[in-house]
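The structure under discussion appears below in the form of structure tokens.
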Amino acid sequence: MITIEFNGVQSEVDEKTTMEDLLRLAKVESRFCAVELNLEILPKDHYASQVFCDGDKIEVVTLVGGG
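The opening position of the sequence shown corresponds to residue 17 in the numbering used here, with each subsequent residue numbered one higher.
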């Protein structure tokens, strides 16, 4: 297990957890969000292969429609 910071909250995840896995666990629809990993935007095509290192900081912003 490694420790990451997900939207300001420290969490422990398996070292093989991908960004796609993390979004699924958090119930975030990947097509309606933007992800920042250690202050850099992560391209959506990297979600399935991006694994984490101890201490990584992830910020997820979801898009909300309305008017």
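For each residue, glycine too, the CB sits at the ideal point set by N, CA and C. In this text, all values refer to a predicted model and were calculated from it rather than measured experimentally.
ask   = Hey, residue 28 and residue 19: beta-carbon distance below 8 Å or not?
value = yes
ask   = So, are the CB atoms of residue 52 and residue 75 less than 8 Å apart?
value = yes
Nearest-angstrom Cβ-Cβ length linking residue 67 and residue 32, presumed shorter than 8 Å = 6 Å
task = Sort 63, 30, 57 by Cα distance to residue 44 and report the nearest one.
result = 63
key: Separation of residue 41 from residue 65, as counted between CA atoms   = 16 Å
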